[in-house]
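*Asks:*
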Amino acid sequence: MSGALPAEGVGLSAEDLVIELRTSRTDLARLVEAAARDQLTRIIVPQRSVDAWERREPETWLKVSGWLTARGIKIVRV
Numbered sequence: 053m054s055g056a057l058p059a060e061g062v063g064l065s066a067e068d069l070v071i072e073l074r075t076s077r078t079d080l081a082r083l084v085e086a087a088a089r090d091q092l093t094r095i096i097v098p099q100r101s102v103d104a105w106e107r108r109e110p111e112t113w114l115k116v117s118g119w120l121t122a123r124g125i126k127i128v129r130v
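The numbering used here puts the first residue of the sequence shown at 53, with every later residue one more than the last.
(1) Taking DSSP's pairing of strands, which residues face Arg77 in a bridge?
(2) Buried or exposed for Ile125, going by 16 or more other Cβ atoms inside 10 Å?
(3) So, using beta-carbon positions, are Ile95 and Leu114 closer together than 8 Å?
(4) Start and end of the alpha helix (DSSP H) containing Arg107?
(5) Counting C-beta neighbours from all protein chains within 10 Å, is the total for Val128 16 or more, i.e. buried, or is it exposed?
(6) Cutting at 8 Å between CB atoms, please list the residues of its own chain near Thr93, excluding the five before and the five after it.
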């Protein structure tokens with residue numbers, strides 16, 4: 053199912069997802085915190101960051117990007 057969003061993590065609250073991300077070697081917890089706290093409709097992230105997340109922790113990035121997308125938060129890569 054190429055291109056499908058992962059179901060895992062989509063139903064989590066921001067708080068629960070951040071708790072899971074605390075063990076990650078990424079800074080994705082801060083991204084989720086900002087999106088939830090500021091009620092963002094889009095997140096602007098450097099393509100280099102996305103590349104690093106996809107390389108180091110692809111499952112974690114899929115979980116976070118799926119969570120953001122499920123909440124209507126657009127990920128803008130620059």
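Where a beta carbon is used, it is the ideal one built from N, C-alpha and C, also for glycine.
*Replies:* In brief:
(1) Note: Arg77 sits in no beta bridge, so no partner.
(2) buried
(3) no
(4) 99-108
(5) exposed
(6) Gly124, Ile125, Lys126
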